[in-house]
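Heads up: the structure comes next, in structure tokens.
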Amino acid sequence: MSKILRDLDDADEILSLYERFKPQLKALFPDFEDGMDVVRFTQMAQNAHVKEDQKLLAISAYTKYWFTKHPEVRV
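Position 9 of the sequence shown, counted from 1, bears residue number 1326 in this note's numbering, the numbering being contiguous throughout.
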């Protein structure tokens, strides 16, 4: 899955996948809110009671989505 995320670079595809997986994020992380910034999402995921690999995958995917949605923000 990490290779798929790494190779995914089409903004429209990333945004579309996010829309499809939003319900799964809410199921996995009850505190999830659509539009939350990447720092808040990461903190929420790190504190969640889910498997470590699920946390890492969710953080990676959300980070990719968030920076695609907010190209003006750079680290």
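The beta-carbon is built from N, C-alpha and C at its ideal position, and this holds for glycine as well.
In this text the structure is predicted, and so the values were computed from the model without any measurement.
Item                                                                                                                        : Value
Reference Ser1332, options Asp1351, His1366, Lys1368 and Asn1364, closest by Cα                                             : In the sequence as presented, Ser is not what sits at residue 1332; that position holds Leu. The shortest C-alpha separation from Leu1332 is found at Asp1351.
Straight-line Cα distance separating Asp1329 from Phe1376                                                                   : Before going on, a small fix: residue 1376 reads as Ile here, not Phe. Cα-Cα distance, rounded: 19 angstroms.
Rounded separation between Leu1373 and Leu1322 - CA only                                                                    : 12 angstroms
Close-in-space but distant-in-sequence residues of the same chain around Pro1388 (CB under 7 angstroms, 5 per side omitted) : none
DSSP state of Arg1391 mapped onto helix, strand, coil                                                                       : coil
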